[in-house]
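Take a look at the structure set out below.
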Amino acid sequence: MADDPWVRKVQQWLNDTYTGVSGWSPVTVDGQTGWTTMYALTRALQHEVGLTALSDNFGTGTLSALTAIGNIGPSTSNANIANIYNIVVGGLYCKGYNGDNGNLDGTWTTTTTAAVTSLQSDIGVPTTGTVSPKVFKALLTMDAYILIGTGTGPVREVQRWMNATYIDKSWFYIIPADGSYSRDVQEALVYAIQDELGVAGANGNYGPGTRAAVAAQPNITVGSSDAAGHYWVRLFQAALRFNTYDASFTGTFTSADSSIVLSFQAFCLLTVNGQGDYETWSSLLVSNGDPTRNGRAADCASEVTAARASALVADGRVVVGRYLTNVEGSTLNKKIQTGELSVILGAGLRVFPIFQTLGDSLSYFSDAQGYSDAGDAVQAATGYGFKRGTTIYFAVDVDVLGDDIPGSIIPYFQGVNRAMQRFGNLVTVQVVAGVQACPLNRSTRTW
Numbered sequence: 055m056a057d058d059p060w061v062r063k064v065q066q067w068l069n070d071t072y073t074g075v076s077g078w079s080p081v082t083v084d085g086q087t088g089w090t091t092m093y094a095l096t097r098a099l100q101h102e103v104g105l106t107a108l109s110d111n112f113g114t115g116t117l118s119a120l121t122a123i124g125n126i127g128p129s130t131s132n133a134n135i136a137n138i139y140n141i142v143v144g145g146l147y148c149k150g151y152n153g154d155n156g157n158l159d160g161t162w163t164t165t166t167t168a169a170v171t172s173l174q175s176d177i178g179v180p181t182t183g184t185v186s187p188k189v190f191k192a193l194l195t196m197d198a199y200i201l202i203g204t205g206t207g208p209v210r211e212v213q214r215w216m217n218a219t220y221i222d223k224s225w226f227y228i229i230p231a232d233g234s235y236s237r238d239v240q241e242a243l244v245y246a247i248q249d250e251l252g253v254a255g256a257n258g259n260y261g262p263g264t265r266a267a268v269a270a271q272p273n274i275t276v277g278s279s280d281a282a283g284h285y286w287v288r289l290f291q292a293a294l295r296f297n298t299y300d301a302s303f304t305g306t307f308t309s310a311d312s313s314i315v316l317s318f319q320a321f322c323l324l325t326v327n328g329q330g331d332y333e334t335w336s337s338l339l340v341s342n343g344d345p346t347r348n349g350r351a352a353d354c355a356s357e358v359t360a361a362r363a364s365a366l367v368a369d370g371r372v373v374v375g376r377y378l379t380n381v382e383g384s385t386l387n388k389k390i391q392t393g394e395l396s397v398i399l400g401a402g403l404r405v406f407p408i409f410q411t412l413g414d415s416l417s418y419f420s421d422a423q424g425y426s427d428a429g430d431a432v433q434a435a436t437g438y439g440f441k442r443g444t445t446i447y448f449a450v451d452v453d454v455l456g457d458d459i460p461g462s463i464i465p466y467f468q469g470v471n472r473a474m475q476r477f478g479n480l481v482t483v484q485v486v487a488g489v490q491a492c493p494l495n496r497s498t499r500t501w
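Quick note on numbering: the sequence shown equals residues 55 to 501 in the numbering used here.
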């Protein structure tokens, strides 16, 4: 990462100004923006607004203290306003905006106003040129508000719309506008749905109360439109976009949108009707979708006996997942039992093998572990008689964030791949997230 002289100046100013303040720690002056610098700016702000228990968390206490001061701008009056201005400028530099042409002298210039306006435009909120408490909170995060990496324009359009639409809601905080679907964006979407439906105890989780409220809504069909102040159709279109299905984003459900929904439903083995129904909402919002729906596959953590195979067939299942090995040191017997495959196949079912040891913490995943696991998986699969070309599903049974994938998950599967090449690619590999909690149909998410 390049050494940014403006960021270096911010870091040096922080050290010069706040070293010795209780609860504040010096930062490394390296010219590189990161959470350490953002946390230092946050603690500096908390000190300036009169908080004594300084924290990395820009929480409700910091917001309340800022609200008491009012929006930060050229006419703000406060005894500590010069340093607060510098914190704004410091945050702007760290975000890549020119806060005041290289100065940190406690003044608010026209350059500062222009930078704040640019930031607000990128976020999607009104361009007032002054910093509200929520914009200040957004300023002191590592979130991006321009399209970056693998982000897409359709997702960013939704993110900016959500920022503009919900900025004044007590439950809403500014989300990234980088074109990437993340945990914070997902939580904001569920909050918006809960707000739309008046769900009591809204918390951003798609739980029983929210499920019931969604299930009670009429299906979204061609011609359905949002009414003033309500965004039910647009939220459905947002959910489609967040799942890489680029529907329109107008608040009116068109025949083209219906065709897109048909494709999503067919992929997830849902009822294919082209409508925004409860099953489809659920599969868009959470990986296990509607757990009560009819499925065609089952992930089985215990032996498929003749009776169980018969029951699965009667329930419409056509394929079952079974584990190649047990977890070392565990008393749970999950692996395929002697003669079990014959029972499964004799009942007319197909089977897909799953390899999972622990895999329940991020620290488990590395190149070396992937290489070792691949060898164990191939040995077990060939021992059971699985044919060449069989796909083995490797489990990632941990809540992985996007930033974790390059440093842990990808190296793990690079190790798996190296081992598979050594074995002459006897099998192919897929990865399934949270295999024990996955839905019993094809809506299981894979990379």
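Idealized CB from N, CA, C, for every residue including glycine.
According to DSSP, is Val405 helix, strand or coil? Against the sequence shown, residue 405 aligns to sequence position 351. Three-state DSSP puts Val405 in a strand.
Rounded to the nearest angstrom, what separates Arg210 and Gly178 at their Cα positions? Start at 1 with the first residue of the sequence shown, and residue 210 comes out as number 156. Start at 1 with the first residue of the sequence shown, and residue 178 comes out as number 124. About 10 angstroms.
In the DSSP assignment, find the alpha helix (DSSP H) that holds Ile247 and state where it starts and stops. As a position in the sequence shown, residue 247 is number 193, starting the count at 1. Per DSSP, Ile247 belongs to the alpha helix (DSSP H) from 237-251.
Between the C-alpha atoms of Leu366 and Asn387, what's the straight-line distance to the nearest angstrom? Translated into the one-based positions of the sequence shown, residue 366 becomes position 312. Translated into the one-based positions of the sequence shown, residue 387 becomes position 333. Looking at the two C-alpha atoms, the distance is approximately 20 angstroms.
Is the beta carbon of Phe448 closer than 8 angstroms to that of Phe409? For this step, residue 409 is matched to residue 355 along the sequence shown. For this step, residue 448 is matched to residue 394 along the sequence shown. Taking 8 angstroms as the Cβ cut-off, Phe409 and Phe448 qualify as a contacting pair.
Could you check if Trp162 is buried or exposed, using at least 16 other CB atoms within 10 Å of its CB as the buried criterion? Taking the first residue of the sequence shown as 1, we reach residue 162 at position 108. Buried is the call here.
Alpha carbon to alpha carbon, how far is Val483 from Phe307? Here residue 483 refers to the residue found at position 429 when the sequence shown is read from its first residue. Here residue 307 refers to the residue found at position 253 when the sequence shown is read from its first residue. Near 38 angstroms, if we compare the C-alpha coordinates of Phe307 and Val483.
Distance, Asp427 Cα to Gly383 Cα: On the sequence shown, position 329 is the one that residue 383 refers to. On the sequence shown, position 373 is the one that residue 427 refers to. Their backbone Cα atoms lie some 16 angstroms apart in a straight line.
Near Val276, which residues of its chain fall below 7 angstroms by C-beta distance, leaving aside the five closest residues on each side in sequence? Within the sequence shown, residue 276 is the residue found at index 222, counting from 1. Excluding sequence neighbours, Val276 sits near Phe307, Thr308, Ser309, Ser312.
Taking 8 angstroms as the cut-off, decide whether the C-beta atoms of Thr96 and Asp110 are in contact. Taking the first residue of the sequence shown as 1, we reach residue 96 at position 42. Taking the first residue of the sequence shown as 1, we reach residue 110 at position 56. Closer than 8 angstroms, so yes.
Straight-line Cα distance separating Ile141 from Asp159: Counted from its first residue, the sequence shown places residue 159 at position 105. Counted from its first residue, the sequence shown places residue 141 at position 87. Going from the Cα of Asp159 to the Cα of Ile141 covers about 11 angstroms.
Counting along the chain, where does the alpha helix (DSSP H) carrying Tyr438 start and finish? Taking the first residue of the sequence shown as 1, we reach residue 438 at position 384. 421-438 is the extent of the alpha helix (DSSP H) around Tyr438.
Out of Tyr220, Leu201, Asp249, Thr82, point me to the one whose CA is closest to Ala231's CA. Indexing the sequence shown from 1 puts residue 231 at position 177. It is Leu201 whose Cα lies nearest to the Cα of Ala231.
Per DSSP, which one or two residues make a beta bridge with Val358? The sequence position of residue 358 within the sequence shown is 304, counting from 1. Partner(s): none; Val358 has no beta bridge.
Taking the alpha-carbon positions, what's the Tyr418 to Ile126 distance? For the purposes of this step, residue 418 is taken as residue 364 along the sequence shown, with counting starting at 1. For the purposes of this step, residue 126 is taken as residue 72 along the sequence shown, with counting starting at 1. Roughly 46 angstroms between the two C-alpha positions.
Mapping DSSP to helix, strand and coil, what is Gly330? Taking the sequence shown and counting its residues from 1, one reaches residue 330 at position 276. It is a strand residue.
Please name the residue in Asp457, Val454, Arg442 whose C-alpha comes closest to that of Met474. Taking the first residue of the sequence shown as 1, we reach residue 474 at position 420. Checked all of Asp457, Val454, Arg442; the closest Cα to Met474 is Arg442.
Assign Lys191 to buried or exposed, taking buried as 16 or more other Cβ atoms, counted over all protein chains shown, within 10 Å of its Cβ. The residue given as residue 191 occupies position 137 in the sequence shown. Answer is buried; the Cβ neighbour count reaches 16.
Rounded to whole angstroms, what's the CA-CA distance from Asp421 to Asn297? Just pull it up for me. Counting from one through the sequence shown, the residue named residue 421 turns up at place 367. Counting from one through the sequence shown, the residue named residue 297 turns up at place 243. Their backbone Cα atoms lie some 29 angstroms apart in a straight line.
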